[in-house]
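Here the structure comes first, spelled out in structure tokens, and everything after it is commentary.
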Amino acid sequence: MRYRAFFMSIPTVFASVRRLAVMGLFVLSLASPGQVTGQEAATPATVLRLDDMRGFKPTAGNWQIVGGFMADRAEEHAFATRPGTGVLANIQTDTARDNLFTAWEHADIELDLDVNLPRGSNSGIYLQGRYEVQLFDSWGVAEPSAADLGGIYQRWDESRPEGQKGYEGHPPPINVARAPGLWQHLHIVFRAPRFDAAGKKIRNAAFVQVALNGIVLHENVELTGPTRSSAWDDEAPLGPLMIQGDHGPVALRHISYRLYRADQIQLTDLRRAYYTGRFDYQMPDLAELDRVEEGPATSIDAGSASDIKQFALQYAGSLQAPVAGDYVFEVAHTARVRLEIDGKTVLTDRDPNVAAPGEFDRRAARVRLTKGAHRLVLTYAKGNWHAAPTALGFYVSGPGLLRTELTAPGSLPADAFAAFEIAPQGGPLIQRNFVVHGGEKRTHAMSVGEPTGIHYAYDMGSGALLSIWKGRFVNTSPMWYERGEMQSAIPLGSLIELAGWPTVAVLSDDSAPWPEGEADYHFSGYSLAGERPVFSYETGGVKVLDQLTPDEGGTMYTRRIALSGKPAGGKVWVFVAEGDAIEMLPGGAYAVDNQRYYIEHLQGGQAYVRNVGGKSELLVGVELGNGGLVSYDLVW
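Convert by adding 2 to the 1-based position in the sequence shown; the result is the number in our numbering.
Okay, here's the thing in structure tokens:
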């Protein structure tokens, strides 16, 4: 879409700042063990179609299929819908406030969905209609409780003393909830209770994992019984999914699930061999090492090695496959691995000439197995140059079989790099590091963190804002552990990767493509204003000052981009956002990338949304005159 430029003059506004020297930096971002990663599944997902209500039991009519759901962030429970399909919305009234039940029932289940909560709204997802994961507008809550988004809600007993009626609730350890009206992703793995032939419960129900917006909140949480406001007080092998409909408006989309059988994958007759000797990058020939131990083992445990620098562990056993079909084997590790099934190598790590030593890696292989026993051999070798703590996780899933961890607790320690986590305390924290953005390394980058738990990464090599996130700040182990080969800082929160294009460009006309970088871009360093960086550079004859400042509550950033100078060969534009869709909201705000984050209070020029290569771009044209200032709020 072509558009006209409209310009207005804005005075340059920036507080006086103290000039600091520019330091060098290099960074590569790695996967964090505490984050949900894309895992290949042995069991295909079933998509719950939302073109009608056939997947649910009849209700009073408050649940409807719509084409879109948009909440007003400023007003309690305010929202609007648009016609169409693909979104399930609870539009409750005084007479229509039913809970919603699926037409199907489940035992063990893996569930994925997107949820949208208006301001102040409240709902819940009940597994088997009995065990609730809370849905609540928890944006900005400093200390979340079991009643906040992603919490496992408490059980309730009226006979208990006052103040103790609620019990066994599990709050999220950290709040990564996004602003009202934004779509948020929930991932739940649930294990149903088990009963013997007489109907007596022999194993509690459990949330194997609950993750919100890519961050794991709960793992292996057992429940002794149904949580408060469940549909039934008893427990059973099967039950429908229930969505609470009497507490407030809520919308859901992209609902998919995998149903699992009660059979489990087992590893029997396990033996362990422990080797020592000198080797470097390559997987060693074990015959050339010294075998110092060999014997039966109860589990696969990389932590059982006594040498922290150079050793090899080999585990061999019989994998019992309950059914025939495709099985997916996953390995998460920090050294060299090889997996053999029935004498055939099915999984190795990356080419050691490409992968850096000490990198945390995840690999997966799909293998077709017959029902019955299969010989499994897993080798883990840590050589001289593996600059990372010992860590190994081994998992397997099969057709209709829940993903099972075959390594011992602690073999893949969640805190393996805990000593290298840094957290802002008492004020903002600046960390120079490499950043991987869109699969490419940005070597002149910086991570900036706030004590309130919002952070961003910035590319000083192009003047681009790379990412924003909520939660914990960064893990610096790839920079500071031993030789620091990787030089990266790993974001530890719920990350939103932004477009990463240069922020300011001079375009020859209003339809010109946005440049990947200006040939005459010159970075001048950064200064500090209130302990936060102000980035300074020049591009296309335009001088730029760029600063991000958190609001008082520490829930969002205000970005101010001051422009001055004489543009060479065109007009000055500011790149604000990119996404699959950018929608202007009543009041002038923008919902970016199908309601992934907001741009609010955009000022300083005429804003345009244009479509380029299947993407929407939000740009601002600026008339410099005696100076220009573009400012906006980043809300997520």
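Here a beta-carbon is modelled for each residue, glycine too, at the ideal position from N, C-alpha and C.
{"Query": "What does a CB cutoff of less than 7 Å around P515 pick up in its chain, not counting 5 residues either side in sequence?", "Result": "V614"}
{"Query": "Compute the Euclidean distance between the alpha carbons of V38 and H256, then round it to the nearest angstrom.", "Result": "With a pLDDT of 46 at V38, under the threshold of 50, the predicted position of this residue should be treated as unreliable, and no value is reported."}
{"Query": "Only counting the same chain, and skipping five residues up and downstream in sequence, which positions put a Cβ closer than 6 Å to that of M586?", "Result": "Y592"}
{"Query": "State the start and end residues of the unbroken alpha helix (DSSP H) segment that holds W234.", "Result": "Note, W234: premise wrong, no alpha helix (DSSP H); not H, not E."}
{"Query": "DSSP three-state label for P168, please.", "Result": "According to the sequence as given, residue 168 is Gly; it is not Pro. Strand."}
{"Query": "How far does the alpha helix (DSSP H) with W141 in it reach, from first residue to last?", "Result": "Run containing W141: none; DSSP gives neither H nor E here."}
{"Query": "Using the three-state DSSP reduction, which class does S479 fall into: helix, strand or coil?", "Result": "helix"}
{"Query": "Could you please give the first and the last residue of the uninterrupted beta strand (DSSP E) stretch that includes A318?", "Result": "F313 to A323"}
{"Query": "Which residue or residues does DSSP assign as beta-bridge partners of R338?", "Result": "A383"}
{"Query": "Just the C-alpha distance for G279 and T336, rounded to the nearest angstrom, thanks.", "Result": "18 Å"}
{"Query": "Can you give, in chain order, each stretch of the beta strand (DSSP E) that sits fully within the segment 29-105 and has at least 3 residues?", "Result": "65-73 and 81-92"}
{"Query": "Run the CB neighbour count on R205, radius 10 Å, all protein chains shown included, and call it buried at 16 or more, exposed below.", "Result": "exposed"}
{"Query": "So, is the C-beta of T83 closer than 8 Å to a C-beta in chain B?", "Result": "Of the protein chains in the structure, only one exists, and it is not chain B."}
{"Query": "Nearest CA to the CA of G465: which residue from Y329, A564 and F475?", "Result": "A564"}
{"Query": "Measuring straight from C-alpha to C-alpha, what distance separates A23 and P588?", "Result": "Interpretation of A23 is limited by its pLDDT of 24, a score under 50 that renders its predicted location unreliable; no figure is taken from the coordinates."}
{"Query": "Quick one: residues in its chain with C-beta nearer than 7 Å to the C-beta of V637, no 5 flanking neighbours on either side, listed in chain order?", "Result": "A181, M558, Y599, Y600 and E602"}
{"Query": "Alpha carbon to alpha carbon, how far is F58 from T48? Give it in angstroms, no decimals.", "Result": "15 Å"}
{"Query": "Could you please give the first and the last residue of the uninterrupted beta strand (DSSP E) stretch that includes D548?", "Result": "V544 to P552"}
{"Query": "Would you say T551 and S633 are within 8 Å of each other, going by their C-beta atoms?", "Result": "no"}
{"Query": "Got a sec? Which residues, its chain only, sit under 6 Å from L113 by beta carbon, not counting five neighbours each side?", "Result": "I190 and Y259"}
{"Query": "If I'm right that P251 touches I93 with Cβ under 8 Å, what's the distance once you round it to whole angstroms?", "Result": "7 Å"}
{"Query": "DSSP three-state call for F281: helix, strand or coil?", "Result": "coil"}
{"Query": "Taking the straight line between their C-alpha atoms, what separation do you get for M481 and Q433?", "Result": "11 Å"}
{"Query": "Excluding the 5 residues flanking S618 on each side, which residues of the same chain have their C-beta closer than 8 Å to its C-beta?", "Result": "E580, G581, D582, A583, I584, V611 and R612"}
{"Query": "Return the CA-CA distance between A318 and Y329, expressed in angstroms with no decimal places.", "Result": "18 Å"}
{"Query": "Given a cut-off of 8 Å, decide if F436 and S479 are closer than it, judged by their beta-carbon atoms.", "Result": "no"}
{"Query": "Can you find the residues in the same chain that come closer than 6 Å, C-beta to C-beta, to V143, ignoring five residues on each side of it along the sequence?", "Result": "D150 and N177"}
{"Query": "Indicate whether A663 and F396 have their beta-carbon atoms separated by less than 8 Å.", "Result": "The first residue shown for the chain is 3 and the last is 638, placing residue 663 beyond what the model contains."}
{"Query": "Exposed or buried, what is L631 when buried is set at 16 or more other beta-carbons lying within 10 Å of its beta-carbon?", "Result": "buried"}
{"Query": "Give the straight-line distance between the Cα atoms of G519 and T541, rounded to the nearest whole angstrom.", "Result": "9 Å"}
{"Query": "Whose C-beta lies closer than 6 Å to the C-beta of L240 among residues of the same chain, with five residues either side of it excluded?", "Result": "E107 and A109"}
{"Query": "Using alpha carbons as the reference points, say which of G440, K545 and R562 lies closest to W503.", "Result": "G440"}
{"Query": "Mark K568 as exposed unless 16 or more other C-beta atoms lie within 10 angstroms of its C-beta, in which case mark it buried.", "Result": "exposed"}
{"Query": "Given this structure, state the Cα-to-Cα distance separating G429 from V438, to the nearest angstrom.", "Result": "26 Å"}
{"Query": "Below 8 Å between beta carbons: does that hold for G183 and M72?", "Result": "yes"}
{"Query": "Please report the residue range of the beta strand (DSSP E) in which P298 lies.", "Result": "D292 to P298"}
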